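Everything on this sheet refers to the single structure shown next.
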Amino acid sequence: MANKCLSLVLHGGAGGLARDRDYAAEIAHMRGLVEAGRDRLAAGASALDVAMETVAALEASGLYVAGRGASPNTAGRFELDASLMDGRTRRAGAVAALEGFASPIRAARAVMERTPHVLLAGSGAAAFADAEGLERVEASWFTPVRPSTATAHSTGTVGCVALDETGALAAATSTGGTHGKLFGRVGDSPIVGAGCWADGRVAVSCTGLGEAFIRAAAAAQVSFRLGLAGQSLDVAADAVLADVGSLGGSGGLIAVSATGEIAAPFTTGGMKRAVLHRDGRITSEIF
Ligand code: ASP
1 MANKCLSLVL HGGAGGLARD RDYAAEIAHM RGLVEAGRDR LAAGASALDV
51 AMETVAALEA SGLYVAGRGA SPNTAGRFEL DASLMDGRTR RAGAVAALEG
101 FASPIRAARA VMERTPHVLL AGSGAAAFAD AEGLERVEAS WFTPVRPSTA
151 TAHSTGTVGC VALDETGALA AATSTGGTHG KLFGRVGDSP IVGAGCWADG
201 RVAVSCTGLG EAFIRAAAAA QVSFRLGLAG QSLDVAADAV LADVGSLGGS
251 GGLIAVSATG EIAAPFTTGG MKRAVLHRDG RITSEIF
């Protein structure tokens with residue numbers, strides 16, 4: 001039986017976003033992706049396919065600190081992280097510190113579908129992506145998005161959560177990591193349960209200071225609050241960001257529950273995000 005409550009939320013990163021900058025390109029781009037994702041969900045596409053394709057488009061745009069827009073680490077190298085999770089089965093795939101490929105989220109999906117593993121890292125992840133025939137790129141392909149303010153932990157990530165007509169949930173997250181990160185540093189984005197989670201209750205994608213999100217088990221914590229503490233999605237999402245805050249981190253998350261509830265809170269100056277609401281409205285906002 002078709003589920004009428006299709007849901008889709010995406011983010012393009014939370015951080016200290018400058019208010020005097022023009023975000024028209026990002027706002028229009030995010031809205032277009034939600035419209036396209038809505039149409040695909042309405043035509044019967046799975047939450048997993050829509051979440052992954054939406055993140056792949058965010059990566060390819062160069063508008064966010066993920067994929068093409070990723071920034072280099074302190075060694076001048078582009079190490080990218082991504083993960084995705086299928087809520088129906090809790091199958092998951094991820095890559096960490098992947099160098100030389102256009103779409104980390106496609107590599108993460110291949111890990112999920114074509115290996116017995118969840119997470120491949122570094123040169124092993126790159127060898128696997130190569131063997132899978134994924135698109136290779138040189139360092140010169142990247143067009144790093146610069147921090148829009150001088151705040152110490154300027155960040156940026158992309159993510160998408162979706163609920164499809166079968167009632168299945170999925171989440172996908174991809175990042176270039178935090179600006180000025182050390183060579184070899186891996187954040188929350190490829191860590192299932194930290195930067196990405198989907199199960200039968202909820203799908204979650206996080207953005208912000210990854211170290212705090214890892215220590216809070218942020219994405220999975222949203223689900224456990226719903227399932228074990230009986231909290232509403234709004235209450236759970238806010239409580240998780242408060243927990244992240246207690247560890248010295250800030251950021252945001254997007255979440256959709258199996259009943260179509262949506263949350264997109266953030267504790268930073270802004271979070272690039274777009275939402276397909278239950279009444280069919282689409283909003284695309286930064287602040
Ligand atoms: N969470 C990401 C990381 O720590 C960065 C971000 O979301 O901006 O790698």
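Heads up: the sequence shown begins at 1 in the working numbering, then just goes up one per residue. We put the beta carbon where it would ideally sit given N, CA and C, even for glycine. All figures in this text were calculated on a predicted structure; none of them were measured in a lab.
Counting only residues of its own chain and dropping the five nearest sequence neighbours on each side, residue 225 has a CB closer than 8 angstroms to the CB of 231, 235, 236, 239, 240.
Ranked by how close their Cα comes to the Cα of residue 10, the residues 196, 131, 88 have 196 in first place.
CA-to-CA, the gap between residue 280 and residue 274 works out to about 12 angstroms. With a cut-off of 7 angstroms, the C-beta of residue 195 is classified as near ligand 1, since at least one heavy atom of the ligand falls inside that distance. Runs of the beta strand (DSSP E) spanning 3 or more residues and lying entirely within the segment 91-176 occur at 91-98, 119-121, 157-163, 169-175, in chain order. Under the three-state reduction of DSSP, residue 68 is assigned to helix.
When the alpha-carbon of residue 179 is set against those of 247, 72, 167, the nearest one is in 72. DSSP places residue 249 in no alpha helix (DSSP H); its state is neither H nor E. In the displayed model, residue 234 falls within a helix according to three-state DSSP. Across the structure, residue 117 and residue 272 are spaced so that their CA atoms are roughly 32 angstroms apart. Residue state for residue 9 is assigned as strand, using DSSP reduced to three classes.
With a 10 Å radius around the Cβ and a threshold of 16 neighbouring Cβ atoms, residue 228 comes out exposed.
Residue pairing by DSSP places residue 276 opposite 8, 282 in a beta bridge. Placement of the Cβ of residue 189 at a distance of less than 7 angstroms from at least one heavy atom of ligand 1 is found. Between the segment 25-43 and the segment 113-127 there are fewer than three inter-stretch CB-CB distances shorter than 8 angstroms, so the stretches are not counted as touching. Within the model, the alpha-carbon separation for residue 262 versus residue 256 is close to 5 angstroms. With respect to the 8 angstroms criterion, residue 93 and residue 83 are classified as neighbours on the basis of their beta carbons. Assigned with DSSP and collapsed to three states, residue 269 falls in coil, not helix or strand.
Just measuring C-alpha positions, the residue of 219, 126, 52, 17 sitting nearest residue 191 is 219. The continuous beta strand (DSSP E) containing residue 207 extends over residues 202-208. Under the three-state reduction of DSSP, residue 191 is assigned to coil, being neither helix nor strand.
Membership of residue 83 in the beta strand (DSSP E) is indicated by the continuous run 80-86.
Residue range 196-198 is occupied by the beta strand (DSSP E) that includes residue 198. Using a Cβ distance threshold of 8 angstroms, residue 88 and residue 168 count as a contacting pair.
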